[in-house]
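K.L.:
What the sequence shown shows, in numbering that gives the first Met the number 0, is residues 0 to 54, in sequence order.
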Amino acid sequence: MDSKIEFERQLVRLPRDAKDFIKREAERNCGSQNSEIVRSIRARMDGEKRDRAAG
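Below you can see the structure in the form of structure tokens.
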């Protein structure tokens with residue numbers, strides 16, 4: 000079984016305050032800005048999954 004994760008490139012335009020937030024969070028977590036964006040999207044995905052299961 001191939002467990003390789005495939006990635007897609009996506010250009011995202013962010014408001015300045017969102018960009019600043021992502022930058023601060025990446026620095027605080029010693030990670031990249033990309034990882035902060037992915038973390039946020041995953042959290043939203045998990046939340047919606049829980050909402051569907053509960054609803």
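Idealized CB from N, CA, C, for every residue including glycine.
Closer than 7 Å: is that where the CB of ARG41 sits relative to any heavy atom of the ligand ATP?
P.N.:
With respect to small molecules bound, the structure shown includes none, and the ligand ATP cannot be examined in it.
K.L.:
Leaving aside the five residues before and after GLU24 along the sequence, list all residues of the same chain whose C-beta is less than 7 Å from its C-beta, in chain order.
P.N.:
Translated into the one-based positions of the sequence shown, residue 24 becomes position 25. If we look at GLU24 and ignore the five residues flanking it on each side, its Cβ neighbours are GLU35.
K.L.:
With distances taken between CB atoms, is the gap from LYS22 to GLN9 smaller than 8 Å?
P.N.:
Mapped onto the sequence shown, residue 22 falls at position 23. Mapped onto the sequence shown, residue 9 falls at position 10. Not a contact, by the Cβ cut-off of 8 Å.
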